[in-house]
Every structure is written in C-alpha cells, then in structure tokens.
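Contents: one structure, followed by commentary.
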Amino acid sequence: MLQFLLIFSVACVHLHDQVGRADLAVSGPPLQTVVRVFALFGVVAAITWIIQALSGLSMDRGSRRAWTTSHLTLEASRLVGLALLAWVTFALGWVDAVRAFIGDYVLIDEVAACLPYWLLIAFGWWAHEPLERRSREAVLARDIDEGFPLRPIESRMAYLWSNIRQQALVWLVPVLALSAWSEGVDKAAEALTLEKGSGAVEAARLIGSLALFVLAPVAIRRAWKTVELGPGELRDRINNVCRTHGVRAAGPYVWSTPGDGINAAVVGFLHPFRYLLISRSMLESFANRPLMAVVAHEVAHLKLRHMLWLGLAVLATVGLTGWLLTAIDYALPPLRPFINEATAAVATLTAVVLVFGFVSRRFEWQADAFAVRHISKDCDADTHVSATGWGAVTGALTQVAMANNMSMRRWSWRHGSLADRCRRAKALHGRSTSRAFPIDIQAASIKVLTVVVIVASYAPFAWLAFAAAR
Ligand SMILES: [Zn+2]
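What follows is the structure, given as structure tokens:
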C-alpha cells in the first residue's frame, strides 16, 4: 500500500503542473501558505502520535485491540496525509509557494513539495516504534522458550532509518529518477529548441526510462541490506530449484529485513540485474521443505514472467481507460464538462490500482500453485498433488504469519490473505501435476486479454503514425 501512496504523492505534484497553475491555485503570500501547510501536517502528526501513545498504554494494560488500532491509525494517517497533500497542492497553491522560494529546478521543487507528506510518513514510524518494540519483546520470550537465535532489538533511530531505507527510498528513488529523467529530457529539448513530442525527444525519454527500469534493482538491492549467501549445501539446494526450472537469478542473497521480518523476493527484470533475496530470519528458522516451497514460489514469478505481465496489464488498463473516457465523451454529452485532464488522470490511476491488485493476487496464487507442484514432484516423485506438496506451502505461509505477528486473515492488496492462499493451495490436493491447474488457466486468460486490449487500444495510434509518415 505504501508504495502506491508514495508514487501518488509524486504524481500529485506532476498532475498539478499539467493542469496548470493559475486555473486552480488560490494563492496567498508564499510564506503564509508554507506556514499553513506545515501546520496542517503537524496536526495530523500530533493526532497520530497521541493515538500511538495511548495504544501503547492500553497495550501495557493487556488490551488486545491496541495493536490493531495503532496499525490502523498509522495507515489512516498516510491516507489522510495524501488527501491533504492533494488539497494543499490544488486548493492552496502549495507547489507555487514552494517554487516562489526555491525556483523550478529539475526534481528539487518536486521533492520539496512532497516533503511534508514524506516527513509525516517517517514521523509515523517514529511514533509507532514503541509498540513495535513491545511486540518484539513479547516474542522474545517465546523465542527464548523455543530456542530460536536471538537478535538485538534495534534502537528507535535505527528502526526509523531501516524503514525509510527499505520501505520508502526503495520506491521513491526509482520513481524520482524516472521523473527527473523525463523532466530533464523536456528541459534539454527546450534548450536545443527541439519540438516537444518529436520522435527524437520521445525516443530519448523511452530509452532512458527502460534503462532505469533495468538498473533500478541494483540500487534496490543496495538500499535493502543484503549479503550473498556463501557456498555450501543450503546454497546448492536453493540454486537447484532455479536450475530445475531453467531460471537465472543472481544470489541467493541473505536479506536483513526491517524488524527482522520473514520475507523473500526477486527483484529485477533481466539477468544479471536480477536477484533472489531471502531474509536472514527465514533462512535460519525454516525447515527444508517450506523453504524450498518459498524458493519455488519466487522462481515461479520469474519463470512465468509475472512482473512483465503485470506491467503490460497496467499498460492495457491505461489504454482501455483512455478509450472508455473517449467513448463517454462521445456518447454522453451531459458528462462532457466533467472529463478533463484531472478527472482522466484520477480515473486512470483508480483503474490501474484496481487491475494491479486483481492481477497481482492471481499471480500470487499461481506462484503458490507452482510451488505445490514443485514440492509434490520433487519430494514425493508423485504424478498427483500430495499433502507434502500443499503442506509445504501452507506450512511456510503459517510460519510467515506466526513469525511476523500477523493475522492469517489480514488482507493485502497485492497478496490477498494468507488464510485464503492456504485454502487455495490445499484445494489442489489430488490434481494431476502434469496438467494445468485452474489458476494457470486464469493467469493465461489474463495474459491473452492483456495482449488483445493492448493491440486493440494502441493499434489505431500506430496506424495513424504510419499514415502520417507516408
Ligand atoms: Zn509472490
């Protein structure tokens, strides 16, 4: 969720630039605007802090709901903050006030405009840390009982920094780099008196953006604390899963996640800028089969090219939304006054978020099914899905929830709930491993639909460009 909010905050400032300043801003004197904006964000921060502090006190008295309340307020403060940023940008002339002070340089004014919101997010982590500490301390007793390896609990500042680094910068740096590149290309085109939107300018924009996409994982792996896993039996077992499915990824890397959470991921599109990351706590605490199920799940994302298809699905959604808006504009004249760049952008973003979640959850289920098949074939040499197969996956998911103090029913936009994923893995019991599972057919249909929509929505433009060139 956080990554979308951060991307939207940058998008919000860009949208303001596109819509035009004078139309919307009711600008007061710049200094007054700055004071008002910081005061408004300060109020949200103060309320967040008070609720976190009160939740901490009631947690000490044994309240079970305090933990949930503190998480919900944290998420609510981020949503309210984003709404506030949009409001001050469009109604208070905030971005103009920022530019009155620091001018319109590539990236710097955008960063300054988003800063109150980003500071609010960082403050949220700081305010929430005492609760996180209480939960870590509670788990500590269990870890001692169970004989798990113990790690020192981070200081408040270290907790704050590792969250900023691993949850915020990791998304913001690539997004800001893309935005800086695009703005830089425009400024360079202006300086060279090239026509805006001409072939050369757009080609430079596209090539630079693609290069950033391919290279961003190098920065991401560094932003996340990672160390390559040394040679040995564990490394061989993990690499074997990759080799079985003919997938190449650098690593595996031991990943120190914030709060030592249990997690695994693949980042990157192209070898050798593509990495397999497994959190240190997962490598230490997982038994062989659940761990191999997790690796197989990540391998599935690579082998089935989920990232690429997710990107294409987003592209298809943008194309389709454009055509739907054009159709509404054409067929429903009374709605025409409401269709402009701002509403179109909001409609497109909403559609993109909805489709992204829908497709991402299905790809997640397909990766789980892939892992079930892998373990069934690998461990039982079975032609049908065995209890060992789905058990390894449900075991891994349950352990993730346990170790991260997370409810199995907690629902996430990208992954759905763990309980639901377990149910789906279990439902594969007895199916033939050589045939496609229902989720494979669903994923294949998503891919076909994506291609059809992309061709149908972008072909007219290609044809127009071709006709114009002739
Ligand atoms: Zn996954």
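Heads up, the sequence shown is in my numbering, so the first residue is 16 and it goes up one at a time. Beta carbons: idealized from backbone N, C-alpha and C, even for Gly. Please read these numbers as outputs of a predicted model, since none were measured by experiment.
By the neighbour-count definition (other C-beta atoms within 10 Å, threshold 16), Asp75 is an exposed residue. Set against 7 Å, the gap from the CB of Glu379 to the closest heavy atom of ligand 1 is smaller. If you draw a 10 Å sphere on the C-beta of His286, you find fewer than 16 other C-beta atoms in it, and that means exposed. Excluding its 5 nearest sequence neighbours in each direction, Trp141 has C-beta neighbours in its own chain below 6 Å: Leu175, listed in chain order.
By the C-beta density criterion, Glu152 is exposed, having fewer than 16 other C-beta atoms within 10 angstroms. When the beta-carbon positions are compared, Gly445 and Val408 stay at least 8 Å from each other.
Beta bridge pairing from DSSP links His399 with Ser447.
Close CB contacts of Leu94 within its chain, under the 8 Å cut and outside five residues either way in sequence, are with Leu20 (chain order). Unbroken alpha helix (DSSP H) stretches of 4 residues or longer found wholly inside the segment 86-139: 109-117, given in chain order. Only residues of its own chain outside the window of five on either side were considered, and among them Pro131 have a CB closer than 8 Å to the CB of Phe53, listed in chain order. In this structure, Phe23 is the residue among Phe23, Pro267, Leu412, Leu327 with its C-alpha nearest to the C-alpha of Trp133. For Pro475, the secondary structure class from DSSP, reduced to helix, strand or coil, is helix. By DSSP's assignment, Tyr290 forms a beta bridge with Ala265, Val282. The three-state reading of DSSP puts Ser300 in helix, counting H, G and I together. When the beta-carbon positions are compared, Phe353 and Leu325 stay at least 8 Å from each other. The beta carbon of His316 sits closer than 7 Å to at least one heavy atom of ligand 1. The three-state secondary structure of Glu161, taken from DSSP, is helix. The continuous stretches of beta strand (DSSP E) do not include Thr48, which lies in the alpha helix (DSSP H) extending over residues 45-75. Under the three-state reduction of DSSP output, Thr259 falls in the helix class. His389 has its CB no nearer than 7 Å to any heavy atom of ligand 1.
Burial is judged here by how many other beta carbons sit within 10 angstroms of a residue's own beta carbon; Arg157 has fewer than 16 and is exposed.
When rounded, the separation of the alpha-carbon atoms in Ala206 and Pro453 is 55 Å. Rounded to whole angstroms, Gln47 and Thr104 show a C-alpha spacing of 14 Å. Where Thr241 is concerned, the enclosing beta strand (DSSP E) starts and stops at 240-243. Under the 10 Å beta carbon count, Ser294 is surrounded by 16 or more other beta carbons and is classified as buried.
Using a Cβ-Cβ distance cut-off of 8 Å, the segment 297-316 and the segment 332-343 are not in contact, since fewer than three pairs of beta carbons, one from each stretch, lie closer than that value. Cα atoms of Gly245 and Met297: separation of roughly 16 Å, rounded to the nearest angstrom. Contact fails between the segment 102-116 and the segment 75-85, because fewer than three Cβ pairs, one in each stretch, are under 8 Å apart. The C-beta separation of Val374 from Ala328 comes to about 5 Å, placing the pair in contact by the 8 Å criterion. Annotation for Ile469: Leu327, Leu330, Ala331, Gly334 place their beta carbon closer than 8 Å to its own, counting only its chain and skipping 5 residues before and after. With a cutoff of 8 Å on beta-carbon distance, Val200 and Val216 are scored as near each other.
Bounds of the alpha helix (DSSP H) holding Pro189 are 185-206. According to DSSP, residue pairing for Gly431 in a beta bridge involves Ser427. Less than 8 Å separates the beta-carbon of Ser85 from that of Ser70.
In the DSSP annotation of this structure, the continuous segment of the alpha helix (DSSP H) that includes Asn178 starts and ends at 171-178. Residue nearest to Gln181 within the set Leu146, Arg237, Ser224 is Arg237 (criterion: CA-CA distance).
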